[in-house]
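Novice:
Numbering (our numbering), first residue to last: 137 to 297.
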């Protein structure tokens, strides 16, 4: 009696079963996608806010650089911040996001720039001009952001009404 070689016997049964399950999974995925409901349209808002333009944030910031003195009680810095804010934002716009990039006063401690920007955030966080801002964040700046002890302020303005 002659034995058949393994090549002539064909693929093993578990290999065929694997392909069968893979094809079954593909068919089930196609059926699931085809039977999914189409997305519903969001109904328009009725009432006092109806008809107004949706709000978002402009992706191009307006910037200014502000010195934050080390021993400042905050009065002069806040006044200068308000002046610069009014100049770059204007009376009809609102700030959606404010980012502060502080530069260290000590070149030997470059990471201390975050403390400079945190100080400015503490001083201006509660200003009425920033009440609509979603967030005000302090960050570490570098020499491109200003001189030692300065903060580059990036303001992202709100769109819509």
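Even for Gly, the Cβ is constructed at its ideal location relative to N, Cα and C.
Grab me the residues of residue 268's own chain with a C-beta within less than 6 Å of its C-beta, minus the 5 sequence neighbours each way, in chain order.
Specialist: Translated into the one-based positions of the chain shown, residue 268 becomes position 132. These residues qualify, in order along the chain: 230.
Novice: Looking at the unbroken beta strand (DSSP E) that takes in residue 201, where does it start and where does it end?
Specialist: One-based indexing of the chain shown puts residue 201 at position 65. Counting along the chain, the beta strand (DSSP E) containing residue 201 begins and ends at 198 to 203.
Novice: Contact check, residue 295 vs residue 214 under 8 Å by CB: the rounded distance?
Specialist: Stepping through the chain shown from its first residue, residue 295 is reached at position 159. Stepping through the chain shown from its first residue, residue 214 is reached at position 78. No, residue 295 and residue 214 are not in contact; Cβ-Cβ is about 27 Å, not under 8 Å.
Novice: Buried or exposed for residue 272, going by 16 or more other Cβ atoms inside 10 Å?
Specialist: Along the chain shown, one-based indexing puts residue 272 at 136. With 16 or more other Cβ atoms within 10 Å, it is buried.
Novice: Give the single residue among 276, 264, 292 and 287 whose Cα lies nearest to the Cα of residue 205.
Specialist: Walking along the chain shown from the start, residue 205 turns up at place 69. It is 287.
Novice: Quickly, what does DSSP pair residue 148 with across the bridge? List them, please.
Specialist: Within the chain shown, residue 148 is the residue found at index 12, counting from 1. Paired residue(s): none; residue 148 is not in a bridge.
Novice: I want to know whether the stretch 244 to 263 touches the stretch 275 to 282 - three or more CB-CB distances under 8 Å.
Specialist: yes
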